[in-house]
Amino acid sequence: MPKNSKVVKRDLDDEVIESVKDLLSNEDSSDDAFKKSELMVDDQEEKDVDVEDGSDVEDERPAWNSKLQYILAQVGFSVGLGNVWRFPYLCQKNGGGAYLVPYLILLLIIGIPLFFLELAVGQRIRRGSIGVWNYISPKLGGIGFASCVVCFFVALYYNVIIGWSLFYFSQSFQHPLPWDQCPLVKNASHTFVEPECEKSSATTYYWYREALNISSSLSESGGLNWKMTICLLAAWVMVCLAMIKGIQSSGKIMYFSSLFPYVVLLCFLVRGLLLNGSVDGIRHMFTPKLEIMLEPKVWREAATQVFFALGLGFGGVIAFSSYNKRDNNCHFDAVLVSFINFFTSVLATLVVFAVLGFKANIINEKCVIQNSEKILKLLKMGNLSQDMIPHHINFSSITAEDYNLVYDIIQKVKEEEFDSLGLKSCQIEDELNKAVQGTGLAFIAFTEAMTHFPASPFWSVMFFLMLVNLGLGSMFGTIEGIITPIVDTFKVRKEILTVICCLVAFFIGLIFVQRSGNYFVTMFDDYSATLPLLIVVILENLAVIRIYGIDKFIEDLKDMLGFSPSQYYYYMWKYVSPFVLLCLLVASIVQMSLSPPGYNAWIEDKAMEEFHSYPMWGMIVCISLMVLAILPVPIVFMVRRCNLIDDSSGSLASVSYKRGRIIKEPVNLEGDSTSLIHGKSPSEVPSPNFGKNIYRKQTGSPTLDTAPNGRYGIGYLMADMPDMPESDL
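If you count the sequence shown from 1, position 663 lands on 663 in the UniProt record's numbering, and the numbers rise without skipping.
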């Protein structure tokens, strides 16, 4: 050993002449450190970290606290207002119980397979909708952007409906309910009932005049409705506070927002079954009309309902599943959530028709009483003979069956002059056949029925609180479909993005709380989502089976699930689902082109709705909504195809997606190879200690860049040895 055997630290720039002995000792030290490093790597491999799934730092990605929380989030997103006010209407319109047959068939053909596909790609790649389709092919990145645009359009008007529900909820804490009776108008001489209300009904008047204060046409804005503006602001504040921390905040709220509607529905079902006439409503609902099943329109509407009931194409399903562990059984989740959604729709249908049966029974009783009084007057006037009336009939307490018996007798005897008598047939089925959906069901028909409930304010509070929770559950998934892809792609802070998104949406949403706002809600509901989402899901299906490869996707599923999925899904994804979706797209385009574009305007003088065609500027808005929603797909394709954007250019770090790995491109690509690993400039990198670079296989380091070798571009990466000893002199 030399006399001077102390360890002296020197900079890399100093010229050092090392002896053979120094080099040998350095080599031994290096070997020890290398072995230690290898042990560290082996230890990291035991962690639940998946490098191939496109994650840059897996440990930093939020995760669900429990499987139950995740299932409730997916159920809350898929089970929405449409289950309560759209599905019962479609059942009534399309053959009652017979409608369930095409619905179940299409649920198995397109619903569950496509829902399973979205869950699987989100869980496999662990990114939002933009990152998922960039991963499969950068040219298809526009699919994710299109999903975000559609989510934004839907969120704009969907939260308005939550605002309406909040308004009715706030007005339910009074007895009698404000929509129970028509208001009285006083003038100098006498008091009379409001003419608009007298011509319609108390609940109809309250909805159009008190709540919406609606104008008579789309072109007549009428200024802001301040009551609804405040309710819209409250709705967006609720959404913002729930979503500001992502699934950490919204996940906890799901326990209430997803479960509370089931409590209310069950309470309403028990209460409804105890009401007079509820059985008539349920019997009417589930009496199958098998001949209607042969109509193509029934299958088209069933397919559309399946499609939208599960939230396909919105990106919310992908976003929620991206927070799962890689080995989660997403096949079980897909089947479970799909059937929960279906049975929720059936439960809601039972509740709706039990209550509507009760309402129809009350209206039928009023009809019997009014027409019985007419018959008594006709008997006194001598227009009818007393001999026509059976002896057991007592008009003071006549039943619906007895009245119909008398009605049939008079109709046969006075066949020629029957129309002039002004008698009506009081059949409960006639009232039940009046199909209502959407706001007409929730804010008019159902609301009117609740006014006849004992303790009606309590049931009103429960009903509208249920609507608020159903709406919020769907809104959480919709907003997650916007926030998650943008955060994953552009690396912005989720809190700031959430606040900005909600603020922008509120100010744009002011067009929906004008006096003409209800007409804009109809416009957005009809044109902003239907066709764009169909195109998005068709492209999603084709991207997986054609671009990524159906066989490779099946292998990924086998790797994730631990078992190979049924061949049923292989044939559904590859052949059946794309064909059915294309047929649905063509049918929707044909139906949209044949039906005149327009809306139902409320005419104050007539106290009734009247169909109006959209003005020219309204048609331009409708077309623009569809074009803007699907425009990102061709734009991104052309940009990628023509290489108009160079990911490595610019002064800011960009994010580009490769199959199996997300690559952060650092600001300065010049310098030593160590700076490329950590994304640092050369001056920030610790000085190396060897004349040669040492390489080792890296599996767990979160900040390492990728090498081009290997199936997913993982390869061998240069190791950083911070604990390596300096050479001895």
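C-beta atoms are modelled at their ideal positions from N, C-alpha and C, and glycine is treated no differently.
From a predicted model like this one, the values you see are computed outputs, not experimental measurements.
In terms of residues, what are the limits of the beta strand (DSSP E) holding residue i?
i	result
residue 206	Where residue 206 is concerned, there is no enclosing beta strand (DSSP E), given that its DSSP letter is neither H nor E.
residue 184	184-186
residue 608	608-613
residue 235	It is not in any beta strand (DSSP E) - residue 235 instead sits in the alpha helix (DSSP H) that spans 226-243.
residue 599	598-603
residue 399	Looking at the DSSP string, residue 399 is not in any beta strand (DSSP E), and its letter there is neither H nor E.
For my contact list, residue i and residue j are in at a C-beta cut-off of 8 Å; report their separation, rounded to the angstrom.
i	j	result
residue 180	residue 202	6 Å
residue 519	residue 218	4 Å
residue 238	residue 167	Not quite, the Cβ-Cβ distance comes to about 14 Å (not below 8 Å), so this is no contact.
residue 478	residue 151	5 Å
residue 521	residue 512	6 Å
residue 96	residue 286	6 Å
residue 288	residue 470	So it is not a contact: roughly 28 Å between Cβ atoms.
residue 422	residue 377	Not a contact, Cβ separation roughly 10 Å.
residue 91	residue 399	Not really, about 29 Å apart at Cβ, beyond 8 Å.
Which term fits residue i, buried or exposed, when burial requires 16 or more other beta carbons within 10 angstroms of its beta carbon?
i	result
residue 451	buried
residue 549	exposed
residue 704	Since pLDDT at residue 704 reaches only 33, below the 50 mark, its modelled position is unreliable, and no value is offered.
residue 276	exposed
residue 645	exposed
residue 318	buried
residue 354	buried
residue 254	buried
residue 500	exposed
residue 460	buried
residue 390	exposed
residue 433	exposed
residue 333	buried
residue 226	exposed
residue 26	Residue placement at residue 26 is poorly supported in this model, since its pLDDT is 47, which falls under 50; the coordinates still yield a value, given next. Buried, by the Cβ-count rule.
residue 575	exposed
residue 617	exposed
residue 380	exposed
residue 284	buried
residue 382	exposed
Just to confirm, does residue i get its C-beta within under 7 Å of one of the non-hydrogen atoms of the ligand FAD?
i	result
residue 232	Of ligands this structure carries none, so the ligand FAD is not represented either.
Among the options, which residue has its Cα nearest to the Cα of residue i?
i	options	result
residue 560	99, 331 and 363	331
residue 198	182, 213 and 138	182
residue 629	149, 131, 133 and 61	149
residue 600	453, 582, 487 and 440	440
residue 250	515, 264, 325 and 64	64
residue 570	584, 581, 582 and 555	555
residue 115	637, 307, 141 and 184	307
residue 220	468, 615 and 88	615
residue 178	457, 357 and 214	457
residue 171	236, 465 and 620	465
residue 641	138, 598, 547 and 127	138
residue 323	509, 240, 128 and 244	128
residue 407	175, 284 and 370	370
residue 62	544, 572 and 325	325
residue 605	196, 162, 495 and 97	196
residue 311	299, 75, 85 and 592	75
residue 162	621, 194, 189 and 233	233
residue 413	404, 392 and 384	384
residue 70	496, 617, 135 and 247	247
residue 613	626, 597 and 622	597
residue 602	122, 111, 359 and 209	209
residue 577	144, 303, 453 and 256	303
residue 164	235, 316, 265 and 360	235
residue 514	159, 339 and 224	224
Residues bridged to residue i by DSSP?
i	result
residue 191	186
residue 514	224
What are the boundary residues of the alpha helix (DSSP H) that includes residue i?
i	result
residue 280	278-286
residue 342	330-381
residue 484	456-490
residue 559	550-561
residue 451	Element bounds for residue 451: n/a, residue is neither H nor E.
residue 119	112-125
residue 592	577-594
residue 257	247-257
residue 72	67-78
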